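When we follow the working numbering, the leftmost residue of the sequence shown carries the number 20, and every step to the right adds one.
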Amino acid sequence: MPDPLGYLRRQAIRRGVVGGSRGWLVLGGAVWGIRLLRRMASTRQLRKVLSQELRPGESLLVSHLPDNKK
20 MPDPLGYLRR
30 QAIRRGVVGG
40 SRGWLVLGGA
50 VWGIRLLRRM
60 ASTRQLRKVL
70 SQELRPGESL
80 LVSHLPDNKK
């Protein structure tokens, strides 16, 4: 699903910062501000999966299995 705000953020960088367009720069600042506010207002909590104490000499291996959904 396309992200319209992502498109505007990319265009703001391309046309506002690199291209020097003041209008795109202002629009980009507004869109980045919206993104920041969304992240700050998010109530999503990270879930603890495992909590275990390691003794001296023990190690921990963190891996990720590939997603087979295609």
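Every residue gets a Cβ at the ideal spot worked out from N, C-alpha and C, and that includes glycine.
In this text, all values refer to a predicted model and were calculated from it rather than measured experimentally.
(request) Drop a sphere of 10 angstroms on the beta-carbon of G47, count the other beta-carbons inside from all chains shown, and report buried for 16 or more, exposed for fewer. (result) Counting from 1 along the sequence shown, the entry for residue 47 is found at position 28. By the 10 Å Cβ count, G47 comes out buried.
(message) Taking a contact to mean a Cβ-Cβ separation below 8 Å, would you say G35 touches W43 in this structure?
(response) In the sequence shown, residue 35 corresponds to position 16, counting from 1. In the sequence shown, residue 43 corresponds to position 24, counting from 1. Yes, the pair counts as a contact, with Cβ atoms nearer than the cut-off.
(request) Could you please give the first and the last residue of the uninterrupted alpha helix (DSSP H) stretch that includes L46? (result) The residue you call residue 46 lines up with position 27 of the sequence shown. Looking at the DSSP string, the run of the alpha helix (DSSP H) that includes L46 is 41 to 60.
(request) Check L65 in the structure and name its three-state DSSP category. (result) The sequence position of residue 65 within the sequence shown is 46, counting from 1. If DSSP states are grouped into helix, strand and coil, L65 belongs with coil.
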